[in-house]
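Just so you know, we're using the numbering used here here: the sequence shown kicks off at 13 and counts up by one.
Written out below as structure tokens is the structure these notes cover.
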Amino acid sequence: MPAAYDTYDYPAYWDNREYEHKSEYYAIKTLLDKIPHIKTIIEIGAGYGRLFSSFSYRAKKIILSDPSASSLSLARRKIANIKKTVFIQSSLENLHNRLSGGMSDLVIMVRVLHHIEDTQKAFKVIAKLLKNDGYFILEFANKGHLKATLKEFIKGNITFRIDISPIDKSRRKSKKNKSLPFINYHPDEITEQLKNAGFTVVEKLSVSNIRSTFLKKIVSTATLIDIEKTLQKPLSYLNFGPSIFILAKKHIIS
């Protein structure tokens with residue numbers, strides 16, 4: 013059965029988004045520095061392998077999974093010389109049937125959660141894939157980022173920042189994939205659901221904090237990234253940016 017992204021040119025989406033790409037790249041490397049030992053990594057929603065080089069140096073074995081056959085085909089061509097990489101076409105929901113439980117030291121999932129409605133179920137699947145004391149790097153679209161908050165305040169919605177219910181923006185955002193939800197989540201809700209699934213949050217970063225079409229036209233990407241690097245940690249306390257990265261650790265099951 014074709015996946016939603018089989019007919020979408022996802023690499024083209026990243027044209028003129030070098031700042032966003034490098035912001036995410038830096039966030040992953042920052043969180044990796046907090047993990048002492050890694051042998052096996054699973055990336056869920058790997059797409060065409062955009063972020064592969066941000067983490068591939070840390071593991072002896074890497075599993076790239078994605079429901080899209082066409083995306084995985086692009087990934088195979090992109091990293092064909094990496095013998096330690098396994099490619100699995102699978103949805104997140106079915107991944108635990110394709111892989112052994114407790115096999116991975118780290119699961120990475122970036123730009124996937126906004127397409128998932130049952131996040132609690134997703135986190136439990138990921139917990140099954142991880143070893144005890146394994147790690148999870150998660151990215152999600154932040155409901156309460158600055159621009160959204162200001163818009164809601166102007167409308168008179170003064171409780172927006174404390175309302176943890178998600179917002180499905182698929183009607184406006186997902187012209188390319190009308191069958192998919194596009195959900196922005198509140199960081200407090202995601203943190204609580206991670207805890208319920210057996211995770212402890214180790215670190216949080218606010219990412220793409222100065223994303224602006226105007227700024228990207230007048231300021232070099234290198235300068236924007238230098239600024240971004242100084243902002244990701246301090247602005248995480250304010251849930252400032254449109255994208256939140258979390259490093260979580262699976263509890264030891266005795």
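Backbone N, C-alpha and C fix where the C-beta goes; we use that ideal spot for every residue, glycine too.
Check, Outcome
"Which residues in the same chain as Y25 place their Cβ atom closer than 7 Å to its Cβ, once the five residues preceding and following it in sequence are excluded?", "none"
"Can you list, in chain order, the residues of its chain with a C-beta nearer than 6 Å to that of E105? Leave out the 5 residues immediately preceding and following it.", "none"
"Considering only their Cβ atoms, is the gap separating S68 from I94 smaller than 8 Å?", "yes"
"Thinking C-beta only, is A260 closer than 8 Å to V213?", "yes"
"Return yes when at least one heavy atom of the ligand COA lies under 7 Å from the C-beta of K72, else no.", "Ligands in the displayed structure: none, and consequently the ligand COA is not present."
"Which residues share a DSSP beta bridge with D180?", "I195"
"Using 8 Å as the cut-off, can you tell me whether the segment 114-131 makes contact with the segment 46-53, which would need three or more C-beta pairs spanning the two stretches below that distance?", "yes"
"For V213, which three-state DSSP category applies?", "strand"
"In angstroms, rounded to a whole number, what distance separates the CA positions of K90 and A134?", "28 Å"
"To the nearest angstrom, report how far apart S232 and I179 are at their CA atoms.", "33 Å"
"Go to Q101, then tell me how far its beta strand (DSSP E) extends in each direction, as first and last residue.", "T97 to Q101"
"Between S83 and T97, what straight-line distance do the alpha-carbon atoms span, to the nearest angstrom?", "15 Å"
"Report back the beta-carbon spacing between L217 and A39 to the nearest angstrom; my notes put them in contact at under 8 Å.", "5 Å"
"Inspect the beta-carbon positions of S35 and S248 and report whether they are closer than 8 Å.", "no"
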